[in-house]
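Q: Going letter by letter, the sequence shown gives residues 1 to 419 in the UniProt record's numbering.
The C-beta atom is built at its ideal place from N, Cα and C for all residues, glycine as well.
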Amino acid sequence: MKTNDQHAGQAAESNPLPLLDNGKDPSSSKRSPSRQTGWPLRILVFLLVLLFGGVVGLYFQGPALRTIFDWTALEPGAGARQPIALPVERVPSLERVAAMATGDVVALGRLQPSGGVVSVALPQGAGDARLDQLLVTEGEIVAEGDVLAVLDSLQLYESALTSAESTLAIRRAALAQTRVQVAATQAELRAQIRGAEATLSASERELARVRSLIERGVATQATLEAAIQANDNAQADLDRLQASQLRYQPGPDGEQVDIALASADLAAAKAAVEQARSDLDRARVFAPRDGTIVEVAARTGERPPSDGLLQMGDTAQMEAELEVFQIMAPRIAVGQDVSLVSGVLGAEPLTGKVARIGTLVGRQSVTAEDPAANTDARVVLVKVTLDEASSIRAARFINLEVVARISVAEGAPAEGPEQ
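#1: Can you tell me the Cα-Cα spacing of Gln177 and Arg190, whole angstroms?
#2: Assuming Arg240 is part of the alpha helix (DSSP H), what are its boundary residues?
#3: Which residue's Cα is closest to the Cα of Ala143: Ala264, Ala287 and Asp232?
#4: On a Cα-Cα basis, can you pick out the residue from Asp281, Ser407, Ser342 and Arg240 that is closest to Arg393?
#5: Spell out a yes or no on whether the region 270–290 and the region 104–113 are touching, meaning 3 or more CB-CB pairs, one atom from each, closer than 8 Å.
#6: Starting from Ile327, follow the alpha helix (DSSP H) in both directions and report where the run begins and ends.
#7: Beta carbon of Ala234, beta carbon of Ala187: below 8 Å?
#8: May I have the straight-line CA-CA distance separating Gln221 from Leu238, to the nearest angstrom?
#9: Would you kindly work out how many angstroms separate the C-alpha atoms of Glu206 and Arg216, rounded to a whole number?
#10: Classify Val180: buried if its beta carbon has 16 or more other beta carbons within 10 angstroms, exposed otherwise.
#11: How many angstroms separate the CA atom of Ile398 from the CA atom of Gly125?
#12: First and last residue of the alpha helix (DSSP H) that includes Arg171?
#13: Is the beta carbon of Lys353 closer than 8 Å to that of Thr385?
#14: Using DSSP bridges, identify the partner residues of Ala107.
#15: According to DSSP, which residues form a beta bridge with Asp337?
#16: Rounded to whole angstroms, what's the CA-CA distance from Tyr248 to Arg303? Just pull it up for me.
#17: Hey, could you find the ends of the alpha helix (DSSP H) Glu259 is sitting in?
#18: Can you name, in chain order, every residue of its own chain whose Cβ lies under 8 Å from the Cβ of Val344, other than the five neighbours on each side?
#19: Taking the alpha-carbon positions, what's the Ala260 to Asp279 distance?
#20: Could you tell me the boundaries of the alpha helix (DSSP H) in which Arg393 lies?
#21: Quick check: the Cα distance between Leu306 and Val257, rounded to an integer number of angstroms?
#22: In three-state terms, what does DSSP make of Val49?
#23: Nearest by alpha-carbon distance to Asp290: which of Ile332, Ala226, Asp146 and Gly346 is it?
#24: Figure out for me which residue from Leu381, Ser390 and Met312 has the closest Cα to the Cα of Glu348.
#25: Is the region 135–142 touching the region 159–169 in the sense that three or more CB pairs, one from each, lie closer than 8 Å?
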């Protein structure tokens, strides 16, 4: 039975069943799944490469990209309202051309008080003190040495001063007492010395009389010994009193030792009072110069910031700090007329003269609003002193950015390309 089944299976393998034709193309129904999902991936990769290439080209702007723009006469960023990639403007503006034609120098700058803005810090040793009284307001004119503010540590320093003054009074009374005691002791010693001298003189006479009696055989040996003992005692008392008197004699500095010690204590007490009075200034903020209060950084009850309690400056005389391109610096000279304009100041410009030309070339810090402006130029600082009328107008606009035109005399060196 098994043999028949094996023969039947072999026959079936050797004679496969026929396939029926359903009219469909076999190639269309047997597409690979990987081929069906490959096209979206390829499109995504293509878009990423295109985007990455655009960013790289936008950032580096290589020679090939520049050639394309030159060939097509297109300008980078011309099709956008706010372009982010612009070509470096090598052609001066019309105002720049006019300035070059007239020989003037144009520069950016800021208005500031004469001597700059001073940040008034807390006194040394103020520590964590808070503001107790603010005695000035913004815009107020102050003089050098005026008290601007009082800290809450003032009461502590006032108590220390009261204690030091009390100690001074005690030391002064102690010195007076010492002088009286020394004078009385010296007078007492002088009287005692005179008495001791008289006693010694009497004992010496008594000793001489007893010796005379001994020679005549009238006095006894015991009487002689008693006279000698009395004389020795009188001499010892005198020596003791004279030694005590030396203690109250003036020392090398001309004063008795006790008086000198009391005087030193008094001097130390006076120094302590002076120190306590000086410490009072640690609780007060003084104006370092004449000027106007520009800004107050703390209010009553607050702890002033570390960079200063307030800012002040001499707004009575205003000046402008200009940043002149280094290549144009040789054309500037002290005394040249300068006009400064800004949209805030109106149509009438500020006027002044060049007062000082810096010698240090630094990096530009004042830049124009143009996104294509050069922000890494090398400049020289030029100080311009404004006239009286312009100073009055400019006093309200500290740190205002201005555009300055410096009138250069004819025959000055020609201006080079923009930096």
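A: Put simply:
#1: Just so you know, the alpha carbons of Gln177 and Arg190 end up roughly 20 Å apart.
#2: First-last of the alpha helix (DSSP H) with Arg240: Gln221 to Arg247.
#3: The shortest C-alpha separation from Ala143 is found at Ala287.
#4: Selected option, being the one with the closest Cα: Ser342.
#5: The region 270–290, when compared against the region 104–113, does not touch it at the 8 Å Cβ threshold.
#6: Bounds of any alpha helix (DSSP H) do not take in Ile327, whose DSSP letter is neither H nor E.
#7: Against a cut-off of 8 Å, the Cβ pair of Ala187 and Ala234 comes out as no contact.
#8: Rounded to the nearest angstrom, the gap between the Cα atoms of Gln221 and Leu238 is 26 Å.
#9: As the crow flies, the alpha-carbon of Glu206 is around 15 Å from that of Arg216.
#10: It is exposed - the Cβ of Val180 has fewer than 16 other Cβ atoms within 10 Å.
#11: Rounded to whole angstroms, the gap between the alpha carbons of Ile398 and Gly125 is 31 Å.
#12: Run containing Arg171: Leu154 to Arg216, per the alpha helix (DSSP H) assignment.
#13: With respect to Lys353, Thr385 sits close: the two C-beta atoms are nearer than 8 Å.
#14: The bridge partners DSSP lists for Ala107 are Ala404.
#15: Partner(s): Lys353.
#16: Cα to Cα, the separation comes out at about 58 Å.
#17: It should be pointed out that residue 259 corresponds to Ile in this sequence rather than to Glu. Val257 to Leu280 is the extent of the alpha helix (DSSP H) around Ile259.
#18: Exclusion of the five residues before and after Val344 leaves Phe397 and Leu400 as the residues of its chain whose Cβ lies within less than 8 Å of its Cβ.
#19: Rounded to whole angstroms, the separation of the alpha carbons of Asp279 and Ala260 is 29 Å.
#20: That run of the alpha helix (DSSP H) goes Glu388 to Ala394.
#21: In the sequence as displayed, the identity of residue 306 is Ser instead of Leu. Taking C-alpha positions only, Ser306 is separated from Val257 by approximately 51 Å.
#22: Here Val49 sits in helix by DSSP.
#23: For Asp290, the nearest C-alpha among the options comes from Asp146.
#24: Measuring from the Cα of Glu348, the nearest candidate turns out to be Ser390.
#25: Because the criterion of three Cβ pairs below 8 Å is not met, the region 159–169 and the region 135–142 do not touch.
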